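Chemist: Okay, here's the structure, questions in a sec.
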Amino acid sequence: LKNFTFGCAHSALGEPIGVAGFGFGPLSLPAQLARFSPDLGTQFSYCLISHSFHATKLRHPSPLILGKYKEKVSSGISHSGFVYTPMLDNPKHPYFYSVGLDSIWVGTRRIP
1213 LKNFTFGCAH SALGEPIGVA GFGFGPLSLP AQLARFSPDL GTQFSYCLIS
1263 HSFHATKLRH PSPLILGKYK EKVSSGISHS GFVYTPMLDN PKHPYFYSVG
1313 LDSIWVGTRR IP
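Under this note's numbering, the first residue of the sequence shown is numbered 1213, with each subsequent residue one higher.
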């Protein structure tokens, strides 16, 4: 692809087999894709699922949605099941993602 920045590895010790950048920077995958398809925008959603790289363990996919998710709504009811967490600006680390933290709970105990 012309004017598309990417990298590759020449060797690997094992899984994982791919890497993609999703930071706020101009070279992130969403930012570069948005230049080719402005309708896509720079939004993405990635569901992080616990993984085990052991060969005998069952593997589950981690869904990745690029761009705005257009959910199906019937009778005003959303059926997507997605829950979103708003991102906060962090001037000290502009390329990092930051979320607000209200509290931490371990079981039924709130950690001060």
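Glycine is no exception: its CB is placed at the ideal position from the N, C-alpha and C atoms. Since we're looking at a predicted model, the values are computed, not measured.
Determine the DSSP secondary structure at His1291, reduced to helix, strand or coil.
Modeler: Within the sequence shown, residue 1291 is the residue found at index 79, counting from 1. A caution first: His1291 carries a pLDDT of 49, below 50, which makes its placement in the model unreliable, though a value can still be read off. His1291: coil per DSSP, three-state reduction.
Chemist: Are the Cβ atoms of Thr1254 and Leu1239 separated by less than 7 angstroms?
Modeler: Mapped onto the sequence shown, residue 1254 falls at position 42. Mapped onto the sequence shown, residue 1239 falls at position 27. The answer is no: Cβ separation not under 7 angstroms.
Chemist: DSSP three-state label for Leu1245, please.
Modeler: Walking along the sequence shown from the start, residue 1245 turns up at place 33. If DSSP states are grouped into helix, strand and coil, Leu1245 belongs with the helices.
Chemist: Just mark His1291 as buried or exposed, buried being the case when its beta carbon has 16 or more other beta carbons within 10 Å.
Modeler: Along the sequence shown, one-based indexing puts residue 1291 at 79. Its pLDDT being 49, under 50, His1291 is placed unreliably by the model, and nothing is read from it.
Chemist: Can you tell me where the beta strand (DSSP E) holding Leu1313 begins and where it ends?
Modeler: Numbered from 1 along the sequence shown, position 101 holds the residue referred to as residue 1313. Where Leu1313 is concerned, there is no enclosing beta strand (DSSP E), given that its DSSP letter is neither H nor E.
Chemist: Quick one: grab the DSSP three-state call for Phe1256.
Modeler: Here the question's residue 1256 lines up with position 44 in the sequence shown. Three-state DSSP puts Phe1256 in a strand.
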